[in-house]
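Visitor: Pasting a structure here, questions to come.
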Amino acid sequence: MATETAVINASSGVQTFYTTYAAARSAASAGDLIQIWADLNEQIILKNEVDIWIAPGRVLDVSTAVPTITDNNVSLVCSIYGNGIIKNTYAENYPTGPYYECIKILHGGSKISIQCDSIDGAGGVTPDTIDGSSVKVTDASKFHLCCQTIINRSNTAIEILNCSDINMQTKKIESGDNGSGNNGSPVFITGNRIYQCR
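This is how it looks when you write it as structure tokens:
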């Protein structure tokens with residue numbers, strides 16, 4: 001029996017298990033909940049009005065050249081919660097990259113809320129570039145994030161270019177660890193807005 005992911009039907013409450021997130025996403029309809037019960041190495045493309053629960057301690061770490069979680073440049077509303085760990089350690093052509101984000105939101109209409117234990121990206125090692133930031137919001141209507149730690153081992157941790165509704169709560173943000181070639185990289189880069197983090 002598949003136990004990696006499940007969909008809880010909003011109207012019946014019936015839980016159906018699937019072996020991959022992609023299969024669960026395909027089966028889910030608006031109002032349903034996708035549960036992630038096991039570590040996954042596939043990309044999580046969000047779906048409009050389908051929330052995601054990640055079991056405590058489960059790790060999402062994509063194994064291909066893509067962001068781990070993305071709206072895929074489609075306007076959507078989605079909440080991710082639980083106590084999961086979101087990573088992107090994929091390194092294409094190390095050490096030159098390119099590198100990819102743990103979370104990447106692109107569409108100006110997207111409204112995203114994420115609650116997780118930690119976000120941990122590899123990041124690119126080329127100085128003076130923002131390559132593979134752990135969290136990148138190019139454009140969004142809403143982005144709320146509650147996370148214990150946000151780390152980027154070699155580059156910028158958070159890059160938010162345009163978002164009119166942002167709320168971030170975290171205990172620790174780290175970027176550009178010593179020895180990466182980019183130690184001292186900014187932890188938080190914004191576009192034309194001033195944000196408050198607490």
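So the sequence shown is numbered by this note's numbering: it starts at 1 and just counts up by one. No residue lacks a Cβ here, since even glycine has one placed at the ideal position from N, Cα and C. In this text the structure is predicted, and so the values were computed from the model without any measurement.
(1) CB serine 113 to CB isoleucine 69, shorter than 9 Å?
(2) Going by the CB atoms, is the gap between aspartate 61 and isoleucine 45 shorter than 9 Å?
(3) Measuring CB to CB, does valine 50 end up less than 9 Å from serine 75?
(4) Return the first residue and the last residue of the beta strand (DSSP E) that serine 134 is part of.
(5) If we ignore side chains and look at the alpha-carbon of each, how far apart do asparagine 88 and threonine 138 end up?
(6) Grab the span of the alpha helix (DSSP H) containing serine 75 for me, first residue to last.
(7) In angstroms, rounded to a whole number, what distance separates the CA positions of leucine 106 and threonine 16?
(8) Based on Cα-Cα distance, which residue from Phe143, Cys102, Leu145, Asp117 lies nearest to asparagine 152?
(9) Go ahead and pull the three-state DSSP assignment for arginine 100.
(10) From the DSSP output, read off the bridge partner residues of tyrosine 18.
(11) What runs of the beta strand (DSSP E), each 3 residues or longer, lie entirely inside the stretch 43-93?
(12) Going by CA-CA distance only, name the one from Ser63, Tyr21, Pro98, Lys104 that's closest to asparagine 73.
Guide: Inspection of the coordinates gives the following:
(1) Counting from one through the sequence shown, the residue named residue 113 turns up at place 113. Counting from one through the sequence shown, the residue named residue 69 turns up at place 69. Taking 9 Å as the Cβ cut-off, serine 113 and isoleucine 69 do not qualify as a contacting pair.
(2) Along the sequence shown, read from residue 1 onward, the residue named residue 45 stands at position 45. Along the sequence shown, read from residue 1 onward, the residue named residue 61 stands at position 61. No, the Cβ-Cβ distance between isoleucine 45 and aspartate 61 is not below 9 Å.
(3) Stepping through the sequence shown from its first residue, residue 50 is reached at position 50. Stepping through the sequence shown from its first residue, residue 75 is reached at position 75. No.
(4) Position 134 of the sequence shown holds residue 134. Membership of serine 134 in any beta strand (DSSP E) is not indicated, and neither H nor E is assigned to it by DSSP.
(5) Start at 1 with the first residue of the sequence shown, and residue 88 comes out as number 88. Start at 1 with the first residue of the sequence shown, and residue 138 comes out as number 138. Whole-angstrom Cα-Cα distance: 18 Å.
(6) Taking the sequence shown and counting its residues from 1, one reaches residue 75 at position 75. Looking at the DSSP string, serine 75 is not in any alpha helix (DSSP H), and its letter there is neither H nor E.
(7) Against the sequence shown, residue 106 aligns to sequence position 106. Against the sequence shown, residue 16 aligns to sequence position 16. Cα to Cα, the separation comes out at about 30 Å.
(8) Walking along the sequence shown from the start, residue 152 turns up at place 152. Of the listed residues, the one whose Cα sits closest to asparagine 152 is Cys102.
(9) As a position in the sequence shown, residue 100 is number 100, starting the count at 1. The question names arginine, yet the displayed sequence has tyrosine at residue 100. Tyrosine 100 falls in the coil class under three-state DSSP.
(10) The residue given as residue 18 occupies position 18 in the sequence shown. DSSP lists Thr5 as partners of tyrosine 18.
(11) 51-54, 59-61, 77-82, 85-88
(12) Taking the sequence shown and counting its residues from 1, one reaches residue 73 at position 73. Out of Ser63, Tyr21, Pro98, Lys104, the CA that lies nearest to the CA of asparagine 73 is found in Lys104.
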